Amino acid sequence: MPTTFTVVPVEDSPLSETHDEQIQNEEDKEGPDTAAGPCSDDEAYRETCSLISTDHDESLYGKNMALYEEEMDSTPMVSSLLNKLANYTNITQGVIEHEEAESEDGIKRVTVNGPQMGTFIGVYLPCMQNILGVILFLRLTWIVGTAGILQSLAIVFMCCACTMLTAISMSAIATNGVVPAGGSYYMISRTLGPEFGGVVGLCFYLGTTFAGSMYVLGTMEILLKYIISPNYTVFQADTKEKEMTAMQNNMRLYGTGCLIVLSLVVFLGVKYVNKLALVFLSCVILSIMAVYAGAIQTTIKTTDFKICLLGNRTLQSYKFDKCVKTETIDNVTTTTQLWALFCNDTQDLPCDEYFMNNNVTEINATRSLFSGDISDNLWGQYSTKGVIVEKEELSSVSNSAGSSGPYVLNDIATCFTILVGIYFPSVTGIMAGSSRSGNLKDAQRSIPTGTIMAVVTTSFIYISCVVLFGACIEGVALRDKYGESVNRTLIVGTLAWPSPWLIVIGSFFSCCGAGLQSLTSAPRILQAIARDGIMPFLQVFGHSKSNGEPTWALLLTGAICEIGILIGSLDEVAPILSMFFLMCYLFVNLACAVQTLLRTPNWRPRFKFYHWFLSFLGMSLSLSLMFVSSWYYALIVIVFAGFIYKYIEYRGAEKEWGDGLRGLSLNAAHYSLIKLEETQLHTKNWRPQLLVFLKLDSDLEVKHSRLLSFTTQLKAGRGLTIVCSVLEGTYMARTADAKTSEQNIKAAMAKEKMKGFCHVVVSSNQRDGFSQLIQSAGLGGMKHNAVLMSWPTNWKQAESSLSWRNFIETIRETTAAHQALLVAKNIDSFPTNQDRFAEGTIDVWWIVHDGGLLMLLPFLLRQHKVWKKCRMRIFTVAQMDDNSIQMKKDLQMFLYHLRLDAKVEVVEMHAGDISAFTYEKTLVMEQRSQMLKHMQLSRTEREREAQLIHDRNTKSHAILNDKVTPTSDRVQMTWTKEKLISERNRHREPNMAVRDIFRPEWENLNHANVRRMHTAVKLNEVVVNKSQGAQLVLLNMPGPPKSKDGDENYMEFLEVLTEGLNRVLLVRGGGREVITIYS
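So the mapping is simple: my numbering equals the position in the sequence shown, first residue as 1, plus 32.
Given below as structure tokens:
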């Protein structure tokens, strides 16, 4: 039934005031470090701690919400959360966040303005300013004249389609949550992860930096070509062939000076850039309006700009005053300046032949919009470097191919792909709005609307300009890149109204403003990357001045920008920045496509007009444009991106940003696990998938780190490795210990360069914990098939028998689970990953067939540098009825088919007599076992009892005889003098003397134990004789007894079996074949 709450106002009592004062005093004592909270130290929660702060006022919640008072320590009340959400303002980025305000007392302070800009001011205009610029005014007319209207429209359509699809993808990403800082770099890195984020960030940074170079070169081209006279430049050209070289040197010199000035402006404070931004944007808008006004004005009358043609060749009109060969003044015919350029009276042939055979004509540079001559410019006229610009519609007498006259020449070879690379920078700049997300009132609405509207507007401007230029400007003028045919006038200026100087001045300041914007934004992109810490070598560029200006990043940006300026050609710099921007756009589309296809729960963008196919199309178009523009630049950028990716992967800081690629990895892993479980694993694909049992000391540190080293040597990073440990207790009580243990194990794994997973289980006892891990570790088809553990050292002296009992139970459970078992004895003597065996052998004692695991393990070990130079030897044991020679041949043939290089040796081990030494070992074992079973003794008492048993047996065997004792009814035993001497010389038990008299105590021994001890002693004798100097010995591990009564005896058997050996690996197969002779 519904419950009604009544809110009653309560006045503050003196008690509550006193309580608040105490809390305030405690907070004051804590200091600034404590007040920072956990968010200041934990990178993973940095983005969310402003919203889920647990601070709450106990005076408000303590009385009415007492039922939830314990939860308030970790989770906020809804009212507090909603209040923080409503008043949440992230730090503004871009240029506004670093503006300085000077107070009356002269102290400089950093002002942080709240969100205040709308869609038009905050997104639309900045995108317009960055998209429209140098290419529109300096190269679009030349592109239209060279490629023709149709192909120019194709170029514009492809580039604008790429940016439109990228804008759609970017809008989806930008509206999928708040973008606090870093703009586009932040969006991509938090979507695709630090590796891809670092690649995109650097590509975006380098693209923006080279864009600054392009804008500076554009500024200098306008200055040197259209504003000042060539006579005032530093480098002068003596001949026509040196004009281009002199021009490039002047651009390098003046461009460097311009870069220094712009960098100083940015260094002094970006507030000056902000104040000039509106002026620069106004210049762009006025220049575009002048172009449209000029196109309309052509319908009334054409402009006064004329083009002089000699035959069908275009002449440089700025070198002469009149477009005539001769002129008549007062009935006197005189030659003109044009005549002097082609004729030389001192030569036998004073005039150029082509000049004499062709007439000079003068045509208008512009024509009416509706003249119908647009068809002349529909098709392209590509040419090679140094070719004269000609008007193909006119006829000429071409008796000479000379080009020594004042002709307009093509300065570069042209083709469709080159024009694409030069044009593409004109459509970049769509991320200007997303970079200002912190300054917007409603970023999730303004970014999509403003960006897409800016792309639509600029696309319309470019398409309309292509049509207007083709319809209103003469073709030879369009192909004249530097306006030499119209008296060094900007070609766009010939169409402008009311004056071409409006375009010249407007484009000059537009390029200056764009250069300032690039030098302002690029260092901040680099600073954002450096502060994320994903690339250690960039950390120095994360520092800034007291007002937040990234000084070091600005210096690097200026240095890289200078490299672009030293190239000295706008046409050569444009394809470089096209590559970086296209790579950036490719990853933007990839990020949106991945998130959309994965359908991650956090992918909830407010912008709904997106689709994974559009993102995939944008990604494909970006990649295609890269190779269309310049295939070798594309390959260089791809290699650069791959290098940065691998660098961040191996050397960068680990970041977990909830990126989409992690979801992609999870989906791929899910699919792979299902596929693995659907089919049974073939023998050819078998490899040891290890579950490693680690022991921890009292400080929760790894006890035997050499076990991890051995795992690394055995696995070499391939296959599944799960390193686990068990803590005794309850999970609620030891949660912190479990996390600490995992951290310590992971640190040890990282130290050993071991790739795998770590899992710590808290259980009521060790046995149950190991059982849980054996049964449940792994997932689906990625489950372990082998268990690796160390031998329980000092198991005899242990206070409790749990260690060796757990060990035996682990053996039984791995056998029941059909899993292989590897037990490393004397693990602390095993080599580290830094050790290298220069020689030695790995000896395999193949007693019983275990599926081939014994032979596979040495092969895997020899793949590692530690064991690489060790030779492999395989020993097998022949019984009385076996043919040793045939066994050796068969084993050699078997190894040949297995493609294993190993030395084979067959050891004959006949069924000999049971020695007195064996009886004594068995007697001591059983007596100790019975006494410890019936008595509850402390550790000291157990040691005393064991010593008493040892002393009594030693005393009773002090007298030795040379006669053989008659055997019992059940055991047939022979003893000779030679065997007695052999037993003495073996010195296995220095304090145990051997007696040749059959003692009465031997009569009551368990004969099964005697036989097992006999096998262990004999086999150990043979193994020590053959393999005592081996670097590693691999032995078949016998199975434990079916009855648990003989568990301690089983441990004694294993001790005797491996006695006298340095490094031993006991191996027990999992019940299946793991190696095959077939391919």
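Cβ coordinates follow ideal geometry from the N, Cα and C atoms, glycine included. These numbers were taken from a predicted model, which means no experiment stands behind them.
Run through DSSP, which three-state label would residue i get?
{"i": "H881", "result": "coil"}
{"i": "L534", "result": "helix"}
{"i": "E90", "result": "Low confidence applies to E90: its pLDDT is 46, below 50, so where it sits in the model is not reliable, and the reading given next is rough at best. DSSP places E90 in helix when its eight states are reduced to three."}
{"i": "S576", "result": "coil"}
{"i": "S466", "result": "helix"}
{"i": "A475", "result": "helix"}
{"i": "N376", "result": "coil"}
{"i": "C626", "result": "Residue identity differs from the one stated: residue 626 is Val in this sequence, not Cys. Three-state result, V626: helix."}
{"i": "L932", "result": "coil"}
{"i": "R1044", "result": "helix"}
{"i": "A701", "result": "helix"}
{"i": "Y642", "result": "coil"}
{"i": "Y439", "result": "strand"}
{"i": "M149", "result": "strand"}
{"i": "D1028", "result": "Note that D1028 scores 44 on pLDDT, short of 50, meaning its location in the model is unreliable; the coordinates nonetheless yield the value given after this. Coil, per DSSP."}
{"i": "S415", "result": "coil"}
Given residue i, which residues of its chain have a CB within under 6 Å of its CB, disregarding the five upstream and five downstream residues?
{"i": "L558", "result": "Y237, F573 and A585"}
{"i": "V232", "result": "I220, C616 and F619"}
{"i": "R1122", "result": "No answer is possible for residue 1122: it lies beyond the span of the chain, which begins at 33 and ends at 1111."}
{"i": "Y1082", "result": "P1072 and P1073"}
{"i": "R563", "result": "G574"}
{"i": "F613", "result": "G239 and T460"}
Between residue i and residue j, is the Cβ-Cβ spacing less than 8 Å?
{"i": "V1141", "j": "I260", "result": "With the chain running from 33 to 1111 in the structure shown, residue 1141 is simply not present."}
{"i": "L500", "j": "L170", "result": "no"}
{"i": "L820", "j": "V936", "result": "no"}
{"i": "A243", "j": "I462", "result": "no"}
{"i": "Y386", "j": "E516", "result": "no"}
{"i": "G209", "j": "N409", "result": "no"}
{"i": "S553", "j": "T240", "result": "yes"}
{"i": "S542", "j": "G165", "result": "yes"}
{"i": "L722", "j": "M814", "result": "no"}
{"i": "V876", "j": "L1066", "result": "yes"}
{"i": "S737", "j": "N865", "result": "no"}
{"i": "S491", "j": "C192", "result": "yes"}
{"i": "S201", "j": "G650", "result": "yes"}
{"i": "D933", "j": "G1101", "result": "no"}
{"i": "M246", "j": "V605", "result": "yes"}
{"i": "F337", "j": "T398", "result": "yes"}
{"i": "L294", "j": "L548", "result": "yes"}
Might you give, ordered along the chain, the residues of its own chain that have their beta carbon closer than 7 Å to the beta carbon of residue i, omitting 5 neighbours on each side?
{"i": "A464", "result": "P158, C159 and N162"}
{"i": "C290", "result": "V248, T251 and M252"}
{"i": "G287", "result": "V248, L249, M252 and I597"}
{"i": "W718", "result": "V1106"}
{"i": "Q183", "result": "G412 and F448"}
{"i": "K257", "result": "Y514 and R520"}
{"i": "T446", "result": "T178, Y414 and S415"}
{"i": "G788", "result": "T753, I754, V755 and M781"}
Can you give me the Cβ contacts of residue i inside the same chain, cut-off strictly under 8 Å, excluding the 5 residues immediately before and after it?
{"i": "F648", "result": "N621 and A625"}
Is the beta carbon of residue i within less than 7 Å of some heavy atom of the ligand ZN?
{"i": "T825", "result": "The ligand ZN is absent from the structure shown, which contains no ligand whatsoever."}
Complete beta strand (DSSP E) runs within the region 835-877 (minimum length 3 residues, chain order): 852-857
Segment contact, 8 Å Cβ cut-off, at least three pairs: the region 671-686 with the region 771-781: no
Touching by the beta-carbon criterion (3+ pairs, under 8 Å), the region 742-756 and the region 874-893: yes
Length-filtered (3 minimum) beta strand (DSSP E) runs lying within the region 730-794: 753-760
The region 503-510 touching the region 337-348, judged by at least three CB pairs closer than 8 Å: yes
Inter-stretch contact (C-beta, 8 Å, three-pair minimum) for the region 350-367 and the region 321-329: no
Runs of alpha helix (DSSP H) lying entirely within the region 190-254, each at least 4 residues, in chain order: 216-254
Uninterrupted alpha helix (DSSP H) stretches inside the region 280-363 (no shorter than 4 residues): 303-329
Three-pair Cβ contact test at 8 Å for the region 191-205 versus the region 632-649: yes
Runs of alpha helix (DSSP H) lying entirely within the region 471-519, each at least 4 residues, in chain order: 475-504 and 507-510
Given 8 Å, three or more beta-carbon pairs between the region 308-324 and the region 364-372: no
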